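Engineer:
Residue numbers (my numbering): 2 to 293.
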């Protein structure tokens, strides 16, 4: 009958659309991983050390996942990678982020939740600059460990000064040790997009973020990591983790939700995208019922 035919067509189109989307995601991941293999092979300074002497706690926070080989980056090697990719970073990622809808997620997270005085850590080349609204935000402090990444961000800020009055301030610094730069309770909003994959100790960074965020402020996170819903995708990320990390300085198969739990952050809003590999989160430093 007509109802059953309509239902069958609906199932068909949903299945076909899902298959096409999954294929696009997998192809995009594969492209992101494979296209810089030649360049990465030429970088001799990179050192992935699976047996570095560290405490058990340090290893747990820095390893790619509990089910895959540990890929621990030497700090200087990681910085070399960021310095190397800075000039081509935006051009390399723009098509990937368009296909994956990352632009929309960035815009939604920042436009709807960023308020007052903002700190953005791991800001890189300033891919979020366009999404801060002068109507909601007074000033944005931009922090990154790579001066070459920040140089790209500064060029964008200079261009924006001709269009709006929003104030940006940049600083080269270590997000795991914000004590040297910012006092407690300094910011209404702290933002990190796709940074937890690149820190040596993401838990330490999140604890520092909580320290500088006001008690009633928000911590906005847009991250990627292993999928807790689709093991096949996580297996793929595990398999390609070392190669991807060599290319981008990014450990893309970390357990993001476990990192959040270990940091003591309280998740107010959590959405998953891309089969559970992208995490859209609005967090607080304390549970809502504890706020005064």
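Using N, Cα and C, we set each Cβ at its ideal position, and we do this for glycine too. These numbers come from a predicted model, not from an experiment.
Would the beta-carbon of residue 188 fall within 9 Å of that of residue 113?
Structural biologist: Result no, Cβ atoms of residue 188 and residue 113 do not sit closer than 9 Å.
Engineer: Quick check: the Cα distance between residue 101 and residue 166, rounded to an integer number of angstroms?
Structural biologist: Each residue's alpha carbon lies about 31 Å from the other.
Engineer: Taking the alpha carbon of residue 147 as the point to measure from, which residue in 171, 93, 96 and 281 has its own alpha carbon closest?
Structural biologist: Ranking the options by Cα distance to residue 147, first place goes to 171.
Engineer: Can you list, in chain order, the residues of its chain with a C-beta nearer than 6 Å to that of residue 273? Leave out the 5 residues immediately preceding and following it.
Structural biologist: Result list for residue 273: empty, nothing under 6 Å.
Engineer: Which residues in the same chain as residue 168 place their Cβ atom closer than 6 Å to its Cβ, once the five residues preceding and following it in sequence are excluded?
Structural biologist: So the list reads 140, once near-sequence residues are dropped.
Engineer: Using three-state DSSP, classify residue 88 as helix, strand or coil.
Structural biologist: It is helical.
Engineer: Closer than 7 Å by C-beta to residue 84: which residues in its own chain qualify, once you throw out the five before and the five after it? Chain order, please.
Structural biologist: Hits under 7 Å: 147 and 149.
Engineer: Should residue 178 be labelled buried (16 or more other beta-carbon atoms within 10 Å of its own) or exposed?
Structural biologist: Its Cβ having fewer than 16 others within 10 Å, residue 178 is exposed.
Engineer: Under a Cβ-count criterion, where at least 16 other Cβ atoms within 10 Å of its own Cβ denotes burial, should residue 247 be classed as buried or exposed?
Structural biologist: So residue 247 ends up on the buried side.
Engineer: On the three-state DSSP scale, how would you describe residue 63?
Structural biologist: Unreliable placement is indicated for residue 63, whose pLDDT of 37 sits below 50; the coordinate value is still reported in the next sentence. Residue 63 falls in the helix class under three-state DSSP.
Engineer: Can you list the beta strand (DSSP E) stretches of 3 or more residues lying completely in the stretch 247-282, in chain order?
Structural biologist: As far as the stretch 247-282 is concerned, its whole beta strand (DSSP E) runs of at least 3 residues are 267-274.
Engineer: Roughly how many angstroms lie between the CA atoms of residue 192 and residue 277, to the nearest whole one?
Structural biologist: Spanning the two alpha carbons is a distance of roughly 21 Å.
Engineer: Looking at chain C, is there any beta carbon in it that lies within less than 9 Å of the beta carbon of residue 239?
Structural biologist: Absent from the structure is chain C; it holds one protein chain and no more.
Engineer: Given residue 126, which residues of its chain have a CB within under 6 Å of its CB, disregarding the five upstream and five downstream residues?
Structural biologist: If we look at residue 126 and ignore the five residues flanking it on each side, its Cβ neighbours are 90, 91, 150, 153 and 154.
Engineer: Considering only the alpha carbon of each residue, which of 264, 261, 262 and 283 lies closest to residue 270?
Structural biologist: Here the closest residue by C-alpha is 283.
Engineer: Just verifying my parser: in three-state terms, what is the DSSP assignment at residue 285?
Structural biologist: Residue state, collapsed to three classes: strand.
Engineer: Rounding to the nearest angstrom, what Cα-Cα distance links residue 240 and residue 230 in this structure?
Structural biologist: If I take the Cα positions, the gap works out to 17 Å.
Engineer: Across which residues does DSSP place residue 117 in a beta bridge pair?
Structural biologist: Paired residues: 138.
Engineer: To the nearest angstrom, report how far apart residue 203 and residue 255 are at their CA atoms.
Structural biologist: Distance between the alpha carbons of residue 203 and residue 255: 10 Å.
Engineer: Between which two residues does the beta strand (DSSP E) harbouring residue 192 extend?
Structural biologist: From DSSP, the beta strand (DSSP E) with residue 192 extends over 188-194.
Engineer: For residue 219 and residue 275, what's the separation of their Cα atoms in angstroms?
Structural biologist: Looking at the two C-alpha atoms, the distance is approximately 24 Å.
Engineer: Looking at the strands, I want to know which residues DSSP matches up with residue 214.
Structural biologist: Answer by DSSP bridge pairing, in chain order: 188.
Engineer: So residue 154 is in the alpha helix (DSSP H); what residue range does that whole segment cover?
Structural biologist: It spans 148-161 - the alpha helix (DSSP H) in which residue 154 sits, taken as one unbroken run.
Engineer: Is residue 161 near residue 185, with beta carbons less than 9 Å apart?
Structural biologist: Going by C-beta atoms, residue 161 is not nearer than 9 Å to residue 185.
Engineer: Under the assumption that residue 214 contacts residue 286 (Cβ atoms under 8 Å), give the Cβ distance between them as a whole number of angstroms.
Structural biologist: Correct: roughly 6 Å between the Cβ atoms.
Engineer: Count the other C-beta atoms from every protein chain shown that fall within 10 angstroms of the C-beta of residue 195, then say buried if there are 16 or more, exposed otherwise.
Structural biologist: That one is buried.
Engineer: With residue 169 as the anchor, note down where its beta strand (DSSP E) starts and where it stops.
Structural biologist: Residues 168-173.
Engineer: I believe residue 129 touches residue 111 by the beta-carbon criterion, under 8 Å. Please report the beta-carbon distance rounded to the nearest angstrom.
Structural biologist: Going by Cβ atoms, the distance from residue 129 to residue 111 rounds to 6 Å, so yes, they are a contact pair.
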